[in-house]
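J.: First, the structure itself, so that you have it in front of you.
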Amino acid sequence: MTNQNVIASDAKPSIDIRIRVLFPKSLFSTVVSEPVLTASPRLVKKMETAGGEAVTKTNNAYWVDSMRDSSPTRVKSTASSLSETEERKSWMINHPSALSMFEQILNASKGKQIVMFLDYDGTLSPIVEDPDRAFMTSEMREAVRDVARYFPTAIVTGRCRDKVYSFVKLAGLYYAGSHGMDIKGPSSKSRKYKKKDHEALLFQPASKFLPMIDEVYEVLIEKTKTIPGAKVENNKFCLSVHFRCVDEKMWDTLAEQVKSVLNDYPKLRLTQGRKVLEIRPTIKWDKGKALEFLLEALGYANSKDVLPVYIGDDRSDEDAFKVLRNRDQGLGILVSKVPKETNASYSLQDPAEARI
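Numbering (the numbering used here), first residue to last: 38 to 393.
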């Protein structure tokens, strides 16, 4: 059906990080019509409060150690002290380059409807010190636009949905903000392929937590203002406390401040991402659930003729990778220059590989 070529580069903030997914248009004899998007009551009912998943780790040392680690957790060498080269080779056996496995990926896509899921930070844009300046390049925007012309494409991010839309600026995509707790599909006018007119989907399973999130945001702003470099971001249905610019000696203090606030809000839980502490409602919802929701809403929940492709770089993307692995269907691709524990099947690493 398609000739899929996935290219990526993972670089320092000064170097543009690109993941381009190129589909030669000459190979498309027909374009598969995009199914009508509807919310499924059965799937919605699966989402329930998970009070038992609230933060149980109270030891600051645990959180500081976790903050030091990149995400997903980097694979640690065994007692045999593998060299970095040997460690990388060993990891690549289980997570081969998506480029080197091109023929296998091509064969997997034949006769199937591809659905693209893309993380934003570290995947479509570089990781930068100021999260408000994580802009994607115009080249990357055009690459995503090209993909979305042929396949349903979703941006799945921990960011506020409106914020990530202001970065991407593409109307024909599905946006799942706040780790999938704020999902919106494109309107009938902006959807290129449709069976009939319909209202755009809007699904917000954590709506009742909105006043609480806003309240905690104000408290955290006050609590963290004495810690240089700390930045609290309101992502609507979750909060992010960025510590990329915080002196490591202050991480313990920052973790303690954040935990002290959450002690008064048992319906919120603390998780950790890439140089960020995240506060989320205690509901059973994450990027993996968002992926399942969108597949079901698109009519592909039980279809064997669909190939979901998810590309991401962060610990929160592991929930989506795990869903694909458990389904034994789809491609999870981790963007990382170093070996990491992951449920992804493939990997993309560096600029040299991206330019092949």
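Heads up, the beta-carbon is just placed ideally off N, CA and C, and yes, glycines get one too.
1) So does the stretch 294-302 actually touch the stretch 325-338, counting three or more Cβ pairs closer than 8 Å?
2) Is any beta-carbon of chain B found at less than 8 Å from that of ILE264?
3) When you compare only the Cα positions, how much space is there between ALA381 and HIS132?
4) Can you have a look at GLY325 and say buried or exposed, based on whether 16 or more other CB atoms are within 10 angstroms of its CB?
5) Measuring CB atoms only, is the stretch 236-256 touching the stretch 280-290, in the sense that at least three cross pairs come out at less than 8 Å?
6) Under a Cβ-count criterion, where at least 16 other Cβ atoms within 10 Å of its own Cβ denotes burial, should ARG317 be classed as buried or exposed?
7) When burial is assigned at 16 or more other CB atoms within 10 Å of the CB, is ILE164 buried or exposed?
8) Tell me which residue opens and which closes the alpha helix (DSSP H) that LYS200 is part of.
9) Answer with buried or exposed for ARG352, where buried requires no fewer than 16 other C-beta atoms within 10 angstroms of its C-beta.
10) Which value, in whole angstroms, describes the spacing of the CA atoms of PHE274 and VAL193?
11) Report the residue ranges of all alpha helix (DSSP H) runs contained in full by the stretch 216-286; include only those spanning at least 4 residues, in chain order.
12) To the nearest angstrom, report how far apart GLU179 and ARG186 are at their CA atoms.
13) Please state whether DSSP places SER175 in a helix, a strand or coil.
14) Does DSSP classify ARG306 as helix, strand or coil?
15) Less than 8 Å between C-beta atoms, sequence neighbours within five positions excluded: which residues of the same chain meet that for THR290?
16) Specify, as a first and last residue, the run of the alpha helix (DSSP H) that VAL165 falls within.
17) What would DSSP say about GLN41, mapped onto helix, strand or coil?
18) Looking at C-alpha atoms only, which residue of ARG306, SER224, PHE358 and ASP350 is the closest neighbour of PRO376?
19) Decide if ASN272 is buried, meaning its Cβ has at least 16 other Cβ atoms within 10 Å, or exposed.
20) Mapping the DSSP letters down to three states, classify LYS341 as helix, strand or coil.
21) Using CA coordinates, which residue listed in GLN241, VAL184 and SER175 is at the minimum distance from LYS206?
22) According to the Cβ coordinates, are SER134 and SER384 closer than 8 Å?
23) Helix, strand or coil: how does DSSP classify LYS377 here?
24) Along the beta strand (DSSP E) that carries LEU368, what are the first and last residues, could you check?
25) Could you check whether GLY367 and LEU331 sit closer than 8 Å to each other, using their CB atoms as the reference points?
26) Let me know if GLY310 comes out buried or exposed under the rule of 16 or more other beta-carbons within 10 Å of its beta-carbon.
27) Helix, strand or coil for LEU155? Go by DSSP, reduced to three states.
28) From the DSSP output, in three-state form, read off GLN141 for me.
29) Grab the span of the alpha helix (DSSP H) containing ALA334 for me, first residue to last.
30) Roughly how many whole angstroms lie between the Cα atoms of ASP342 and ALA213?
31) Using CA atoms only, rank isn't needed, just tell me which of ALA191, GLU123, PHE154 and ASP169 is closest to ILE370.
32) Taking LYS260 and PHE280 to be in contact with their CB atoms under 8 Å, please state how far apart those CB atoms are, rounded to whole angstroms.
33) Per DSSP, GLU315 is paired with what?
34) In the DSSP assignment, find the unbroken beta strand (DSSP E) run with ILE192 in it and report its ends.
35) Among residues of its own chain, excluding the 5 on either side of ALA327, which ones have a beta-carbon nearer than 7 Å to its beta-carbon?
T.: The answer reads as follows:
1) no
2) Absence of chain B from the displayed structure is noted, only one protein chain being present.
3) 7 Å
4) buried
5) no
6) buried
7) buried
8) 198-205
9) buried
10) 14 Å
11) 247-261
12) 11 Å
13) helix
14) strand
15) ILE264
16) Counting along the chain, VAL165 falls outside any alpha helix (DSSP H), and DSSP gives it neither H nor E.
17) Note that GLN41 has pLDDT 34, beneath the 50 cutoff, so the model's placement of it is unreliable and the number below is only indicative. Residue state, collapsed to three classes: coil.
18) ASP350
19) buried
20) coil
21) SER175
22) yes
23) strand
24) 368-372
25) no
26) buried
27) strand
28) helix
29) 324-334
30) 23 Å
31) PHE154
32) 13 Å between Cβ atoms; not a contact.
33) SER277 and THR308
34) 190-193
35) VAL193, ALA213, GLY217 and ILE220
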